[in-house]
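This report refers to the structure that appears directly beneath it.
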Amino acid sequence: MKKTSDKWYFTKETNAKGLCYIYAYQTQWDPVAKKSKRSARKYVGRLAADSVVNITAKFRSEFPQYAQGTFYFGLDKTLVDEAAYRRDFPDAPGPKPAAAEMDTALWDTRSLGFTWALEQLAAQSQVLEHLREIFKEDARSLLNLAIYKLAGGNSMAAMEDWRASVYLPHGPALKSQRISEVLSRVTPKDFARYFHLRHQSKIERMSGADCVHYALDNTTISSYSATIADVAYGHAKRDPELPVLNFTFVCDQDSGDIVFAHAYEGSIPDVTAFGEIVYRMKDAGFDFSKVILVTDRGYQSLINIQKQIDLEVKFIQGIRLSEDIVKRSFDRYDASLHNQRFYDTGERVYAHSTTEAWKQYTDYGSLNKTLHLHLYRFPKADEAEMEELRLQVQQVLDLKNANKQVPPEKWLTYKRFVCERTTAQGRRYWDRDDNAIEAALRYAGRFAIRTNAEANPFKALSIYRLRGQVEQDFNQFKNWVDGNRLRCTDTAYWGKLLVCTLATSLRMMAIKGAHDREQGNRKIPNNSIDCLFTILKQIQADKRQTANAWVTRTITKKQRDMLALLGLENPPRVLKN
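Straight run, no breaks: the sequence shown in full-length UniProt numbering ends on number 577.
Put into structure tokens, the structure is as follows:
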């Protein structure tokens with residue numbers, strides 16, 4: 001091995017009883033292993049609770065620079081005088097806590113990376129700023145509750161126990177009673193005002209004549225509550241035996257951020273509620289001149305189209321193929337939808353556009369308006385639909401002819417494609433109704449969009465497909481931040497909705513931002529944001545009970561890469577309380 005370095009380094013070791021000791025050591029280069037190894041080692045002394053090192057007489061005699069004075073174990077793992085130590089660790093203000101009070105509230109090691117990163121995202125995206133503007137002193141508490149939800153917290157009663165293990169220095173303690181008080185102060189009016197600020201900040205960051213694409217969709221939230229007036233029996237896909245609340249998101253397709261949310265009675269279907277939602281958005285101050293609203297077929301009706309025209313809303317809306325005018329258009333332009341000149345390799349679809357004449361009704365009379373009806377045919381999709389339908393029908397026939405029961409939902413869906421027949425010998429049997437199948441498959445593989453905002457059919461479809469962002473929002477809301485069920489009373493449910501929506505919005509912005517920043521070997525591990533969050537949770541910080549600061553431990557390259565995917569720098573070496 002090469003010659004040992006003259007430099008001495010210091011390290012802290014803790015025994016089984018929790019007592020800390022400081023040792024000095026040297027290193028030397030091992031050319032075989034190609035790395036530095038520790039060589040000489042000397043005992044320095046015991047580390048006291050106030051970070052003073054009780055240096056032994058032997059060490060002082062061997063190292064004259066430490067012969068006189070009091071020395072502390074410093075930020076950079078060196079022995080420093082009190083002045084240098086206090087620059088890094090100022091005295092905590094106020095009286096020192098009693099020994100009995102220095103429990104988990106003063107853990108000397110906490111998880112830092114995840115909570116610090118979420119606080120930074122909330123600040124960068126102006127979420128915290130907008131919370132402060134609307135909810136004043138409750139802003140930090142609402143954000144901390146959202147971060148707790150993102151960390152997997154379900155029971156609000158466990159909030160403070162979780163907080164004792166993480167670095168989350170801002171905001172008051174949140175016991176169960178205080179959480180209920182914070183949530184109950186969230187009113188429907190403040191809820192709407194907050195999302196108005198989210199929309200306004202997005203519009204202000206836009207350039208010139210550009211329009212932002214907002215996707216709108218709805219989900220149901222089940223509840224056992226007997227006090228929430230809007231909870232009613234509706235059309236829930238999950239837990240249909242429970243009453244539900246309808247909850248609508250409007251999602252910015254560019255960032256994943258939620259810019260509007262609205263809750264209403266669970267028994268009202270989407271298509272009926274759409275007009276009310278648009279009016280609510282307008283009342284909340286949405287500037288529809290800068291917005292293109294993207295909705296799926298669940299909101300489609302001629303009445304809703306007319307409302308959007310009258311309110312001067314720019315829209316791209318998926319259309320059901322049940323409209324006669326749409327069917328006639330598909331029949332008329334069927335040849336175009338099989339012509340390679342009408343095919344786009346980027347979207348992998350045939351398309352043909354036609355126009356429709358509509359009226360806009362104003363206080364001063366009516367105006368002529370032209371809408372675009374975009375017709376699409378997806379190659380091979382019709383064969384795939386035919387194959388799936390024939391397969392399901394055959395399964396029904398096999399069960400019926402074996403005198404077995406068909407599952408009720410399956411029978412309700414496919415009974416129109418089978419019929420009972422009689423053989424020449426008088427035996428009754430179930431058979432496929434080919435005429436019904438052909439009628440059902442007549443427009444298989446077809447899709448239509450109606451819009452007043454985009455004349456290019458391929459660009460309109462590209463924008464429409466981005467609405468998967470809002471569906472992902474709902475997936476995160478219901479499956480990852482405990483938003484699938486309301487476990488609260490009428491006084492707190494707006495607060496619960498806000499916290500879960502905040503958590504969803506932060507999570508979606510993290511997902512979208514991380515995907516956009518992927519490059520080379522810097523990728524989201526296993527394509528899972530939870531894997532990324534887990535790596536961040538491994539970043540830790542240490543605090544000495546007598547100092548008013550936390551020291552970030554060494555951050556690995558993998559942890560630095562995860563922070564970079566979120567657009568964040570490394571946490572500061574020293575974090576002051």
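Just so it is clear, CB atoms sit at the ideal spot from N, CA and C, and this is done for glycine as well.
Original post:
Taking only runs of the beta strand (DSSP E) that begin and end inside the region 407-453, which ones reach a length of at least 3 residues, in chain order?
Top reply: Taken in chain order, the complete beta strand (DSSP E) segments of 3 or more residues contained in the region 407-453 are 418-422, 428-432 and 446-451.
Subject >> Sub-7 Å separation of Ser184 and Ala492 beta-carbons >> reply: In this structure, Ala492 lies closer than 7 Å to Ser184 by Cβ.
Subject >> C-beta atoms of Thr220 and Val250 nearer than 7 Å >> reply: The Cβ atoms of Thr220 and Val250 lie no closer than 7 Å to each other.
Subject >> DSSP-derived helix/strand/coil call for Arg132 >> reply: Looking at Arg132 - three-state DSSP - the assignment turns out to be helix.
Original post:
Are Val52 and Ile22 touching if we call contact CB-CB under 7 Å?
Top reply: No, the Cβ-Cβ distance between Val52 and Ile22 is not below 7 Å.
Original post:
Three-state secondary structure (DSSP) at Leu106?
Top reply: Note that Leu106 scores a pLDDT of 44, beneath 50, so its modelled location is shaky and nothing firm can be said.
**OP:** Just grab the DSSP bridge partners of Val291 for me.
**Re:** Val291 is bridged to Val212.
**OP:** Report yes or no: do three or more beta-carbon pairs, one from the region 443-457 and one from the region 304-322, lie closer than 8 Å?
**Re:** With a cut-off of 8 Å, the region 304-322 and the region 443-457 count as touching, because enough Cβ pairs lie within range.
**OP:** Please report how far the alpha carbon of Met156 lies from the alpha carbon of Leu389, in whole angstroms.
**Re:** The alpha-carbon atoms of Met156 and Leu389 are separated by roughly 47 Å.
Original post:
How about Ile150 and Thr115: are their beta carbons less than 7 Å apart?
Top reply: The residue you asked about is not Ile; residue 150 is Leu in the sequence shown. Thr115 sits away from Leu150, with the two beta carbons spaced by 7 Å or more.
Subject >> Residue ranges of each beta strand (DSSP E) within the region 261-342, 3 or longer >> reply: 291-295 and 314-319, all fully within the region 261-342.
**OP:** With Asp252 as the anchor, note down where its beta strand (DSSP E) starts and where it stops.
**Re:** Per DSSP, Asp252 belongs to the beta strand (DSSP E) from Val244 to Asp252.
Original post:
DSSP on Gly567, reduced to helix/strand/coil?
Top reply: In the structure shown, Gly567 sits in coil (DSSP, three-state: anything other than H, G, I, E or B).
Subject >> The alpha helix (DSSP H) enclosing Tyr167, as first and last residue numbers >> reply: Unbroken run through Tyr167: none, as it is neither H nor E.
**OP:** Could you check if Met206 is buried or exposed, using at least 16 other CB atoms within 10 Å of its CB as the buried criterion?
**Re:** Exposed: under 16 other Cβ atoms inside 10 Å.
Original post:
By how many angstroms is the C-alpha of Asp252 removed from the C-alpha of residue 587?
Top reply: Examination of residue 587 is not possible in this model, given that the chain is present from 1 through 577 alone.
**OP:** Within its chain, find whatever has a CB closer than 7 Å to the CB of residue 661; leave out the 5 residues flanking it on each side and keep chain order.
**Re:** Residue 661 is absent from the structure shown; the chain starts at 1 and stops at 577.
Original post:
Are the beta-carbon atoms belonging to Gln26 and Ala40 less than 7 Å from one another?
Top reply: Annotated as proximal: Gln26 and Ala40, with beta-carbon spacing under 7 Å.
Original post:
Per DSSP, what kind of secondary structure is Gln559 in: helix, strand or coil?
Top reply: If DSSP states are grouped into helix, strand and coil, Gln559 belongs with the helices.
Original post:
Under the rule that 16 or more other beta-carbon atoms within 10 Å means buried, what is Gln405, buried or exposed?
Top reply: Burial call: exposed.
Subject >> Validate contact between the region 190-198 and the region 494-508 using beta carbons, cut 8 Å, 3 pairs >> reply: Touching, yes, given that three or more Cβ pairs across the two stretches are closer than 8 Å.
Original post:
Can you tell me the Cα-Cα spacing of Asp210 and Asp431, whole angstroms?
Top reply: Distance between the alpha carbons of Asp210 and Asp431: 56 Å.
Original post:
Under the three-state reduction of DSSP, which class applies to Asn368: helix, strand or coil?
Top reply: Looking at Asn368 - three-state DSSP - the assignment turns out to be strand.
Original post:
Do Ala284 and His196 have their C-beta atoms within less than 7 Å of each other?
Top reply: In contact: Ala284 and His196 (Cβ atoms closer than 7 Å).
Subject >> Residue range of the beta strand (DSSP E) that includes Glu356 >> reply: Annotation for Glu356: the continuous beta strand (DSSP E) segment containing it runs Val349 to Thr362.
Original post:
Helix or strand or just coil, what does DSSP make of residue 589?
Top reply: Residue 589 falls outside the range modelled here, since the chain spans only 1 to 577, and no answer is possible.
**OP:** Could you round the C-beta distance between Gln28 and Lys37 to whole angstroms and report it? I think they count as a contact, below 8 Å.
**Re:** So it is a contact: roughly 6 Å between Cβ atoms.
Original post:
Would you report the Cα separation of Ala199 and Arg377, rounded to the nearest angstrom?
Top reply: According to the sequence displayed, residue 199 carries His and not Ala. Cα atoms of His199 and Arg377: separation of roughly 35 Å, rounded to the nearest angstrom.
Subject >> Residue of Leu118, Asp324, Arg465 and Thr423 minimising C-alpha distance to Leu143 >> reply: Nearest to Leu143 by alpha-carbon distance, out of Leu118, Asp324, Arg465 and Thr423, is Leu118.
Original post:
DSSP state of Val499, grouped into three classes?
Top reply: Here Val499 sits in helix by DSSP.
Subject >> Contacting residues, own chain, Cβ-Cβ under 8 Å from Arg560 (five flanking each side not counted) >> reply: Here Arg560 has Asn570 as same chain residues with Cβ atoms under 8 Å from its own Cβ, once five neighbours each way along the sequence are excluded.
Subject >> DSSP three-state assignment for Trp8, whether helix, strand or coil >> reply: If DSSP states are grouped into helix, strand and coil, Trp8 belongs with coil.
Subject >> Bridge partner(s) assigned by DSSP for Ser111 >> reply: Answer is Val166 and Gln540, bridged to Ser111.
**OP:** Specify the secondary structure class of Gly468 as computed by DSSP and reduced to three states.
**Re:** In the structure shown, Gly468 sits in a helix (DSSP, three-state: H, G or I).
Subject >> Met508 versus Ile529 - alpha carbon distance >> reply: The straight-line gap from Cα to Cα measures roughly 9 Å.
Subject >> N-terminal and C-terminal residue of the alpha helix (DSSP H) that Asp30 is part of >> reply: Run containing Asp30: none in the alpha helix (DSSP H); it sits in the beta strand (DSSP E), Cys20 to Asp30.
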